[in-house]
Every structure is written in C-alpha cells, then in structure tokens.
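Heads up: the protein sequence lines correspond to chains A and B, in order. The number in this note's numbering is simply the position in the first sequence, starting from 1, with 5 added. The number in this note's numbering is simply the position in the second sequence, starting from 1, with 5 added. Notes to accompany the following structure.
Number of protein chains: 2
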Amino acid sequence: MAESVMLEPPFVIRVDAETLKTFCMEALTTVGMAVEHARITTECLVRTDMRGIYTHGTVSLRRYVQLMRDGGIDPRAVPEITNEGPAWAMIDAHQAVGMVAGHVGMTTAMKKAAGCGYSNHFGAASAYTLMVLDQGMIGMAMSNTDVVMSIPNGRGAQIGNNPLSYAVPARTQPPLVLDIAMSTVAGGKVVSMKNQGKPIPEGWLTDKDGLPTTDPGVFTVHGALTPLGGHKGYGLALMVESLAGVLAGAGITTDMPTWAKESRKACNEGHTFIAVDIAAMMPKNEFYTRMDELIRRMRTAPKAKNATRTYIPGEMEYESEAVARTHGVALTDTAVANLRGLAEDTGLGGRCPV
Amino acid sequence: MAESVMLEPPFVIRVDAETLKTFCMEALTTVGMAVEHARITTECLVRTDMRGIYTHGTVSLRRYVQLMRDGGIDPRAVPEITNEGPAWAMIDAHQAVGMVAGHVGMTTAMKKAAGCGYSNHFGAASAYTLMVLDQGMIGMAMSNTDVVMSIPNGRGAQIGNNPLSYAVPARTQPPLVLDIAMSTVAGGKVVSMKNQGKPIPEGWLTDKDGLPTTDPGVFTVHGALTPLGGHKGYGLALMVESLAGVLAGAGITTDMPTWAKESRKACNEGHTFIAVDIAAMMPKNEFYTRMDELIRRMRTAPKAKNATRTYIPGEMEYESEAVARTHGVALTDTAVANLRGLAEDTGLGGRCPV
Numbered sequence: 006m007a008e009s010v011m012l013e014p015p016f017v018i019r020v021d022a023e024t025l026k027t028f029c030m031e032a033l034t035t036v037g038m039a040v041e042h043a044r045i046t047t048e049c050l051v052r053t054d055m056r057g058i059y060t061h062g063t064v065s066l067r068r069y070v071q072l073m074r075d076g077g078i079d080p081r082a083v084p085e086i087t088n089e090g091p092a093w094a095m096i097d098a099h100q101a102v103g104m105v106a107g108h109v110g111m112t113t114a115m116k117k118a119a120g121c122g123y124s125n126h127f128g129a130a131s132a133y134t135l136m137v138l139d140q141g142m143i144g145m146a147m148s149n150t151d152v153v154m155s156i157p158n159g160r161g162a163q164i165g166n167n168p169l170s171y172a173v174p175a176r177t178q179p180p181l182v183l184d185i186a187m188s189t190v191a192g193g194k195v196v197s198m199k200n201q202g203k204p205i206p207e208g209w210l211t212d213k214d215g216l217p218t219t220d221p222g223v224f225t226v227h228g229a230l231t232p233l234g235g236h237k238g239y240g241l242a243l244m245v246e247s248l249a250g251v252l253a254g255a256g257i258t259t260d261m262p263t264w265a266k267e268s269r270k271a272c273n274e275g276h277t278f279i280a281v282d283i284a285a286m287m288p289k290n291e292f293y294t295r296m297d298e299l300i301r302r303m304r305t306a307p308k309a310k311n312a313t314r315t316y317i318p319g320e321m322e323y324e325s326e327a328v329a330r331t332h333g334v335a336l337t338d339t340a341v342a343n344l345r346g347l348a349e350d351t352g353l354g355g356r357c358p359v
Numbered sequence: 006m007a008e009s010v011m012l013e014p015p016f017v018i019r020v021d022a023e024t025l026k027t028f029c030m031e032a033l034t035t036v037g038m039a040v041e042h043a044r045i046t047t048e049c050l051v052r053t054d055m056r057g058i059y060t061h062g063t064v065s066l067r068r069y070v071q072l073m074r075d076g077g078i079d080p081r082a083v084p085e086i087t088n089e090g091p092a093w094a095m096i097d098a099h100q101a102v103g104m105v106a107g108h109v110g111m112t113t114a115m116k117k118a119a120g121c122g123y124s125n126h127f128g129a130a131s132a133y134t135l136m137v138l139d140q141g142m143i144g145m146a147m148s149n150t151d152v153v154m155s156i157p158n159g160r161g162a163q164i165g166n167n168p169l170s171y172a173v174p175a176r177t178q179p180p181l182v183l184d185i186a187m188s189t190v191a192g193g194k195v196v197s198m199k200n201q202g203k204p205i206p207e208g209w210l211t212d213k214d215g216l217p218t219t220d221p222g223v224f225t226v227h228g229a230l231t232p233l234g235g236h237k238g239y240g241l242a243l244m245v246e247s248l249a250g251v252l253a254g255a256g257i258t259t260d261m262p263t264w265a266k267e268s269r270k271a272c273n274e275g276h277t278f279i280a281v282d283i284a285a286m287m288p289k290n291e292f293y294t295r296m297d298e299l300i301r302r303m304r305t306a307p308k309a310k311n312a313t314r315t316y317i318p319g320e321m322e323y324e325s326e327a328v329a330r331t332h333g334v335a336l337t338d339t340a341v342a343n344l345r346g347l348a349e350d351t352g353l354g355g356r357c358p359v
C-alpha cells in the first residue's frame, strides 16, 4: 500500500488513505462514538494529513481518544442548535469532539449564512471551510484556543493564537484556501526546534520577562509565542476571541484548559463558521470567471530574483492531496508513533496500518 | 481655538473640531455635494483626525475634491441597492466618495447583517465600524485598494494592502477597534522615512528584483510593500480581495488606478461591511460583561520588563479622541498644507482654519 514517492522530511512513510481511515474508525468505535460521527472525524483528520498539514491530522487522534476516555471530550455528544435566526444559529456542541462540532457548525452555516459553535480542539480550521467549495459558497471558520501567545508589552501567554481559515471556489484555477494562526509561527515549529536542540530565530517567542528569546525551551513553561506583526496579529486574535469565544458563549482565554496537558476537564473552546452563498449575490459564472482571473494574476505574477513560482494560499496543500490520493498519505514519525500508541490504548494492536 | 497641549510629532497644531468641520463642509459644497453627504464625509474625516489616524483624515480632502473636479469621484452620486436578500445587500455606489459609500454600506449592513459596496478610497476603515458601537452590534469593514504590495516569491506590486477593521462594544471598558492594512507597515511610513532621508529597516519593502531593500525611494516606482508575515498577510489580503473586490463586482488588483496619481478615472474600489446584531444571539448584558472581562484581562496582563502598559486595539485612538474633544484636533504639517491648498483650490482662502 505504502509508497515512498515524493517523501521528504518530516514525512517518513506513506499509507493508503482508505486503510488509515478504517483504523481511525475502529479506534473511535472503541470509545463508543456513533459510526456517523466516527466517519466525520476520520474524514476530517485524514484529509488534513493528505493536504500535508501534518500537525493537525491523525497525529492528534490518540490524544482525542484519551480525552474521550477521561471525560474532556464526550464521544456520544450530539451538537444542538439552541437559538437561531434567519441567517445565523447558536450551537451548543455539548463537548462533542471538535470535528463533529465543526461539521455541524459549517453545515448549519451553509444552510443559514452564519453560525457560532461551542466545543473543543477542532483540528485544522480549513477542514471546515473546504466543505463549502463544492456548494459554490465562500466559507470562513475560526476558533479560540487555550492561551499560548503573548500580547504587545505583555509577559507570558495571555491569549490563544486563534486560527482563522477561509475558502473561496474558482473554476479552472485551484481554490483559495487559507488556514493560519495569529502567532508569528506555530507552536509546533518551536517544539520541533527544541527537539532538534536548535535555537530559534529572535521574534518567534518571548521569555519569562516578556522579552525576545532564541531558547525554544521556554515555550509552554513561562514563554509565549509572539503575535504575527505585533499589534496586528494581537488585534486579529481578539477579533476571533470576540466572535468565537465571547459571542459563542464559550470559554475565554485562561478559562480554557490546555487539552494537550489536561484530559479530564472540558476544553470549552468556541468556533464561528460563516458561509456566503455566492449565487444569491452574483451569477455564479461571473464570480468564477472573476476568481479565476484574480488567482491567475497571482500565479503568473513576475517572479522575484531566484524564485521560480508564486503560489496562492492552499495551492501546495491542493497538490499534496492529489499526490496522497495516488500514492498514499504521508505521515511523520510522530504521527506513526501516535497511531501505534492509539492502537495499544484501544486494544487494536494488530489493526494499526503503520 | 487651537491649543498646544499634548502635541507631539508629527502633529504641529490643534484646531477646534467644529471649526474644522465647517471648513470641510464649505469646501465640499463648492463641488456640488449635497449637504447631507458633505456632513457624512466631514464627520468621517474629522473623527479620523481626532482619533490620531493622521494619514486618513482631512489630510486627504484636497485630493478627494480634486478627483471630484476631474471626474474620478462623482460628488452628486447616490449609492443604490441593486440586489438584496434577507441578510445582505449589494450596493452600487456609482463612484460616490468613499465616505458616503461606506456610510450607506455600514448602515445597510446594520439593517441587514451583511453588505457589499462599490466605490473608491474610503479613508480609514474604522470610521465605519465605529458606527456600530452605539447600536450594540459587532461591525467589520474591508476594502481592496490599488496595488502597492508584493506577494511571496513575486516581484513588484501585485495586490493592494487591503485594510480590514472591526469594532466590538463593551460596557465599562473601552471598545475593541482594530484597523489594519495587510502590509508589514503602511506606505505612509515608507514615504515619511524617504522624506527624512533615512533608510528603512529590512523587511518593509522589496526592490525591483523582489528582494528586500532598505531604500525607501523605490516605493511606488518599482518596489512594493511586503505582506504582513509573508504568506499570512498575503492570504488575508486575498480574502479581502475576494469579498470586497470579486464578490462586490468592483475592480480587482491592477484594474484599479492609483487615486493618488490619477484623478480622471473612476477608482473602482470595492468594500464589504458586516454587522452582527449581538442581542439576537445573546442577552446584551451578558455579552457586555464577557467583553469587559476579556478586555480587562488584556489591559491588566503582566507587563514585559520595562513596559508599563498593555493596550487593546483602539485604546490609544479612544484616548486621542477624548483629548481632541477638549483641546482641539491635532494636525500634521502635511494636513495643514493640504487644508491650505484645498482653500486655494476652492476659492475659500479666507475660510481656512489653519
């Protein structure tokens, strides 16, 4: 099943997508999750892996299952619409796994036009905005997170790095899909440098005094990620916190336990999903022609000296997914270790595909 | 009228807000603008000055009036709703001045929940999001602009720095108001360094080869501003371009002439305004209590070594406005020169308050 074509670090192996999905479904079933919800969660995580976003795919499943066992996530929860209007809905996810909450949230937003959620770690934000593309809609998804980021002039972690994703469909060009956190770099990058024993560039992290540091070891101890561009990333993180945390009725900043450390407490993260029905506002053909033109301009832009290619957001992931479909899903050594650990945890030792 | 209290560079003088407004109204009347539209435009620009955003206030009025004379802006245009649904409206501003288009756009969004515009340079995006605060709503405003920014791996200006603003009300704390462009720094900062004959820090600008430069002189010649955080600012600029340009039916990237250089052609910029009615989703009191708590946490966060204060977005502008109300509007030497030039252009020499 596995091939090693186009396998570059940090990836170590490729595994057939369907085989990987079967194992994830089985693991989720061991903690009592309904088949439909297990399928949603699995599709979401494996597609994230296929897109090359190795930090937010099946690498996290072992931890999610642990939280389901310990009470931090309820595998049997069914998200519920608690209030709604013509163009919005408020959803209580009842501590369902983030993928189920996100799926219900984005589906509801597509039916309505805007919606707010309430759940826990929802993986890669783009997993939900991708859902709108086939429907000829524009999608946005955002989530607050436990605190990992400093604020300008502040010391220590005061706010999450609150990811934001959007997706816009096109016709002949690949779609626009952005998925970014509001920190200068992801925490995973800092941890990776720490594991390699390397210093980090100044500007990624602040130390216990709130000053720039090159020591990756202070992260999650008393250091914090810096916001993207200082006040700009800080301001965007507060926008996400206001919509996905405050307005959604979810936890705010320090109200949320760190799901990587605490598995018994509910995560209380909040999400907001927005869908825009293009055809209502503009003939779909005209919109697609205009998007194709915008995207074409970006891709054919004059190149900087020594650069050979300009990309649009999501283009690398789009290509990664095509390769994964043919040659299998590329996994990192961390993902392999976590899948093996998950197999042990759930008594599925013989079923682990890696 | 004018006082010099709390006057720091780049400001050179304070002038009474009402006196300044009277002059702006008179100048706009000379080109045939209706009193109601002149008032909207004036209130918008003077409030921007009062908030200390000296790059987007009355400093631009001379240029706007020039465009009204030459045909780039129609001072008599009345924005028109061309299509609408329960929660959105499409507005053709018919090349009205951006302040009028923005006012109609945000007012319509408040009535509806979301709207798209079509006009020209609309000044500071926060001028519109501020409108929602008294209504107990959350507001967002965004605009595409003529191309001034490079894209990762690209050379030259390929996209605008597409500003985004949002505002969220609170009760006892100052409101959250962010207003940022998607470039690392504003073009005005580069021009200011050029005027002072100083080099700029590496990372602000790329040269004709698309490589980093410290020479501010290449800006608007063949250099371009860099996107905030590389692919992140680029991706956010494309989000704004998709919503405010493509979906709004306005110009896209190079379709828009540079309003600072070209006064005869329509600007064709597009804007999108979003309003969220808080009370529909959550009891207003609960929302305000939760926002106050979030804002309080940011303002009382532990301080970095040598720092004395943490701010929320819009807090400095909030304080600047309070001072301006009491002591007059602070203006820069460029704003003073432009107001005097405007007085000459419009035959109002004796009426100029500075």
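The beta-carbon is built from N, C-alpha and C at its ideal position, and this holds for glycine as well. Computed from a predicted structure; not experimentally measured.
#1: Between S197/A and the ligand ZN, is there a pair consisting of the residue's CB and a ligand heavy atom that are separated by less than 7 Å?
#2: Of all the CB atoms in chain A, is at least one closer than 8 Å to the CB of G144/B?
#3: Quick one: Cα of I317/A to Cα of A129/A, how far?
#4: Which full runs of the alpha helix (DSSP H) of 4+ residues lie inside the region 184-223 of chain B, going along the chain?
#5: What does the alpha-carbon distance come out to for the pair P91/A and V196/A?
#6: Are the beta-carbon atoms of V334/B and M104/B separated by less than 8 Å?
#7: So, with DSSP's three-state summary, where would you put T87/B?
#8: Between A271/A, R314/A, T337/A, which has its C-alpha nearest P157/B's C-alpha?
#9: In whole angstroms, give me the CA-to-CA distance for K308/A and G215/B.
#10: Which complete alpha helix (DSSP H) runs does the region 226-265 of chain B hold, if anything under 4 residues is left out?
#11: For the 8 Å Cβ check, are there 3 or more pairs between the region 141-159 of chain A and the region 171-188 of chain A?
#12: For G165/B, which of helix, strand or coil comes out of DSSP?
#13: From this set, V10/A, N166/A, F16/A, M115/A, which residue's C-alpha is nearest T339/A's C-alpha?
#14: Would you say L25/A and R19/A are within 8 Å of each other, going by their C-beta atoms?
#15: When you compare only the Cα positions, how much space is there between F28/A and D21/A?
#16: Would you check if there are 3 or more beta carbon pairs closer than 8 Å linking the region 77-87 of chain A to the region 95-103 of chain A?
#17: Along the chain, where does the beta strand (DSSP E) that runs through V334/A open and close?
#18: For the alpha helix (DSSP H) containing V105/B, name the first residue and the last one.
#19: By the criterion of Cβ-Cβ separation under 8 Å, what are the contact partners of P318/A in chain B?
#20: If you follow the beta strand (DSSP E) that H99/B is in, where does it begin and where does it stop?
#21: Identify whether F292/B lies in helix, strand or coil by the three-state DSSP scheme.
#22: Name the chain B residues that come within less than 9 Å of A129/A, Cβ to Cβ?
#23: Between M6/A and L135/A, what straight-line distance do the alpha-carbon atoms span, to the nearest angstrom?
#24: Residues of the region 241-275 of chain B in Cβ contact with chain A at a cutoff of 8 Å, in chain order, please.
#25: Assign V70/A to one of two classes, buried (16 or more other C-beta atoms within 10 Å of its C-beta) or exposed (fewer than that).
#26: Under the DSSP definition of a beta bridge, which residues are partnered with L12/A?
#27: If you run the structure through DSSP and keep just helix, strand and coil, what is D21/A?
#28: Can you give the Cα-Cα distance for A162/A and V190/A, rounded to whole angstroms?
#29: Return the residues of the region 293-327 of chain A that lie within a Cβ-Cβ distance of less than 9 Å from chain B, sorted by chain order.
#30: Checking contacts by CB at 8 Å: is A178/B closer than that to chain A?
#31: Using a Cβ cut-off of 8 Å, pull out every chain B residue sitting near M287/A, in sequence order please.
#32: Compute the Euclidean distance between the alpha carbons of K116/B and G240/A, then round it to the nearest angstrom.
#33: Compute the Euclidean distance between the alpha carbons of A285/B and Q201/B, then round it to the nearest angstrom.
#34: The alpha helix (DSSP H) that contains D54/B, what's its start and end?
#35: Bridge partners for V173/B per DSSP, in chain order?
#36: Name the two residues that bound the continuous beta strand (DSSP E) containing D139/B.
Once the coordinates are examined:
#1: As far as ligands go, the structure on display features none, and thus does not contain the ligand ZN.
#2: no
#3: 18 Å
#4: 192-200
#5: 44 Å
#6: no
#7: strand
#8: R314/A
#9: 7 Å
#10: 236-245
#11: yes
#12: coil
#13: F16/A
#14: no
#15: 11 Å
#16: yes
#17: 334-337
#18: 103-117
#19: H236, Y239, G240, L243
#20: Careful: H99/B lies outside any beta strand (DSSP E) and carries neither H nor E.
#21: helix
#22: By Cβ distance, chain B contributes nothing, its closest Cβ being about 14 Å from A129/A, past 9 Å.
#23: Legend: pLDDT at M6/A = 44, less than 50; position of this residue unreliable, value from coordinates given subsequently. Roughly 27 Å separates the two Cα atoms.
#24: L241, L243, M244, E246, S247, L248, G250, V251, L252, G254, I257, T258, T259
#25: buried
#26: DSSP, once it has assigned bridges, lists no residue as partnering L12/A.
#27: coil
#28: 14 Å
#29: R295, M296, E298, L299, I300, R302, M303, A306, P307, K308, A309, K310, N311, A312, T313, R314, T315, Y316, I317, P318, G319
#30: In the sequence under discussion, the amino acid at residue 178/B is Gln, which differs from the Ala named in the question. It does not: the Cβ of Q178/B has no partner Cβ on chain A nearer than 8 Å.
#31: M95, L252, G254
#32: 26 Å
#33: 51 Å
#34: 40-55
#35: L181/B
#36: Careful: D139/B lies outside any beta strand (DSSP E) and carries neither H nor E.
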